[in-house]
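**Student:** Position one of the sequence shown corresponds to residue 4 (this note's numbering), numbered consecutively onward.
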Amino acid sequence: MAVTAKQLVKALQKKRFALDNQTGSHAIYKNENSVRVVVPIHGKKDIGPGLLRQILNDANISLEELEKLIR
Numbered sequence: 004m005a006v007t008a009k010q011l012v013k014a015l016q017k018k019r020f021a022l023d024n025q026t027g028s029h030a031i032y033k034n035e036n037s038v039r040v041v042v043p044i045h046g047k048k049d050i051g052p053g054l055l056r057q058i059l060n061d062a063n064i065s066l067e068e069l070e071k072l073i074r
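#1: By the 10 Å Cβ neighbour count, where 16 or more other Cβ atoms means buried, how is A8 classified, buried or exposed?
#2: Please name the residue or residues paired with I31 in a DSSP beta bridge.
#3: Is it right to say L66 is buried, meaning 16 or more other beta carbons lie within 10 angstroms of its own, or is it exposed?
#4: Roughly how far, in whole angstroms, is the beta-carbon of R19 from the beta-carbon of I31, given that I think they are within contact range, below 8 Å?
#5: Taking K47 as part of the alpha helix (DSSP H), name the residues at either end of that continuous run.
So, in structure tokens, the structure goes:
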């Protein structure tokens, strides 16, 4: 599944993650439980499958749930 950083950020925001900090091209999002997720912001490039899987794992989001969130 190809996902851009913009799509991933929208999905995270729907799961109540908010931008905490940004340094260069890396945005750090946190939710109310202080779960921290780092998203690389590189224009319109897709996030690699391994990194996407790790971010989703950190955020406790399944691939199926991500598909629903980005629609």
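We put the beta carbon where it would ideally sit given N, CA and C, even for glycine.
**Tutor:** The relevant details are as follows:
#1: Burial is judged here by how many other beta carbons sit within 10 angstroms of a residue's own beta carbon; A8 has at least 16 and is buried.
#2: Per DSSP, N24, V41.
#3: When all chains shown are included, L66 counts as exposed.
#4: Between I31 and R19 the Cβ distance is about 15 Å, and since that is not below 8 Å, they are no contact.
#5: In this chain, K47 is not harboured by any alpha helix (DSSP H), its DSSP state being neither H nor E.
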